[in-house]
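Residue numbers (our numbering), protein chains in the order written: chain A, 117 to 230; chain B, 861 to 974.
Don't be surprised by glycine CBs; every beta carbon is placed ideally from N, CA and C.
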């Protein structure tokens, strides 16, 4: 079974703090993704990575950065957390070859910024 | 840009009955993939069913089936013999054939009544 794990289920941080969210997958997938999920807005892509050290902006990258030093690990960084970044963050991984673009999701990190 | 629309924010169904969740999408591509994902309360998102646009036959997975109407750009999910464990948020998603990014709808919250 594919396993995608996230470092924390719940996180509370203060405004202005630097926040690291970690994601690890065990399926040797090329692609990894970070989404945020907000009620009524669905999932929105923040950043994704298609190879080690490679990254590409998604739909809402402002205020975030990412790091992928090893294939299995993809980190999301909030440089200076703000209250509008309070959200559920979902990590996903997927193989890069068509025809299947299935993504496997982690359990999510619910981040509260106070 | 591709968009995915789920017009039903919430749906409910009686146990053992059938329910259909709606999804429409907008694309100018001919090669693409469509997915339904399920997110149970406080649990990981999982893939329910996948449809390749080039296939005319509707996908089926046990009690889950889709009605794929390519010309109408419609991709509905039918759940037969609904069970209490089907209660979840359901997301429709689209992936372009040459791009592994997913575009998600805003979700439909399904309640199953005993």
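Does the beta-carbon distance from residue 968/B to residue 866/B come in below 8 Å?
Taking 8 Å as the Cβ cut-off, residue 968/B and residue 866/B qualify as a contacting pair.
Cβ distance (whole Å) where residue 219/A is taken to contact residue 203/A below 8 Å
So it is not a contact: roughly 19 Å between Cβ atoms.
Taking any Cβ of chain B, which residues in the stretch 122-148 of chain A have a Cβ under 7 Å from it, in chain order?
Hits within the stretch, in order: 147.
Which listed residue (899/B, 938/B, 930/B, 915/B) has its alpha carbon closest to that of residue 887/B:
Nearest in C-alpha terms to residue 887/B, of all of 899/B, 938/B, 930/B, 915/B, is 930/B.
In angstroms with no decimal places, state the Cα-to-Cα distance between residue 900/B and residue 906/B.
When rounded, the distance between both Cα atoms is 9 Å.
Counting only beta-carbon separations shorter than 8 Å, does residue 164/A have a partner in chain B?
Taking 8 Å as the threshold, the shortest C-beta distance from residue 164/A to chain B falls below it.
Residues near residue 878/B by beta carbon distance below 6 Å, same chain, minus five either side
Excluding residues within five positions, the ones whose Cβ falls inside 6 Å are 940.
With DSSP as the reference, identify every bridge partner of residue 949/B, one or two as the case may be.
In the DSSP assignment, residue 949/B forms a beta bridge with 899/B, 969/B.
Could you check if residue 158/A is buried or exposed, using at least 16 other CB atoms within 10 Å of its CB as the buried criterion?
Classification of residue 158/A: buried, given that the 10 Å Cβ count is 16 or more.
I believe residue 206/A touches residue 135/A by the beta-carbon criterion, under 8 Å. Please report the beta-carbon distance rounded to the nearest angstrom.
Actually they are not in contact, since the Cβ atoms of residue 206/A and residue 135/A sit about 15 Å apart, beyond 8 Å.
Whole runs of the beta strand (DSSP E) within the stretch 877-946 of chain B, excluding any shorter than 3 residues:
Segments of the beta strand (DSSP E) lying fully in the stretch 877-946 of chain B: 879-881, 884-886, 892-899, 906-912, 924-929, 934-939.
Option nearest residue 904/B by Cα separation, candidates 119/A, 160/A, 162/A
Comparing Cα-Cα distances from residue 904/B to each of 119/A, 160/A, 162/A, the minimum goes to 119/A.
So, helix, strand or coil for residue 131/A, using DSSP?
Of the three classes helix, strand and coil, the one that applies to residue 131/A here is coil, per DSSP.
Residue 199/A (DSSP reduced to helix, strand or coil):
Here DSSP, grouped into helix, strand and coil, assigns residue 199/A to helix.
Bridge partners of residue 871/B, per DSSP?
In DSSP, residue 871/B forms a bridge with 970/B.
Please name the residues in the stretch 922-942 of chain B whose beta-carbon is closer than 8 Å to at least one beta-carbon of chain A, in chain order.
Within the stretch 922-942 of chain B, no residue qualifies.
What span of residues does the beta strand (DSSP E) with residue 180/A cover, start to end?
Where residue 180/A is concerned, the enclosing beta strand (DSSP E) stretches over 180-186.
For residue 942/B, which of 962/B, 951/B, 925/B has the nearest alpha-carbon?
For residue 942/B, the nearest C-alpha among the options comes from 925/B.
Just checking my contact of residue 230/A with residue 128/A at CB under 8 Å: how many whole Å lie between their CB atoms?
Contact flag correct, Cβ pair sits at about 7 Å.
Burial state of residue 125/A, where buried means 16 or more other Cβ atoms lie within 10 Å:
Exposed is the call here.
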